[in-house]
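Student: Quick one: this structure, given as structure tokens, is what I'll be asking you about.
In the numbering used here, the protein residues as written are -9 to 176.
What follows is the structure in structure tokens.
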């Protein structure tokens, strides 16, 4: 009986040590009892058969003579440490995959943001360059306008002085005509 319990528990990753001191009048025993045999609930059996795992109970009985005096029940869910560790590894793997997807999404988003930022910086540089060129052209045109204004002012002064000269010449001509008329009348 002890060997069967030890083998069943060892197969599930559970090790038990038997108490070393057993008196002749009292005997202590570990037994593994499958819940399939102790429970008649159809739903639970159906659930367990779907999962492929049955729960087992570990019974520690203290016997005096042939009758059990004390029995303690421990329920073991039938899942070994390796299966628990495998579940943890699977969960951790899923978390890492989720983290990887998030990091890849961030990397893609960051590269797109960097690309957009580089395009904007390039456009800003182009705008600055064109702005500088336009300002230089504006300055040149203002300078040309000022030069043309000076030339126009100079031409206006020359024209004014020519008009004055013409008016003076016309006045002299008129004076000479009058003098010629007076001389012709004498």
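The beta carbon of each residue, even a glycine, is placed where N, CA and C say it ideally should be. Here the structure is a predicted model, which means the values were calculated and not measured.
Where do the ends of the alpha helix (DSSP H) carrying residue 176 lie?
Tutor: Residue 176 -> no alpha helix (DSSP H), and no H or E assigned at all.
Student: To the nearest angstrom, report how far apart residue 100 and residue 89 are at their CA atoms.
Tutor: Taking the straight line joining both Cα atoms gives about 16 Å.
Student: Quick check: the Cα distance between residue 159 and residue 176, rounded to an integer number of angstroms?
Tutor: For residue 159 and residue 176, the distance between alpha carbons rounds to 26 Å.
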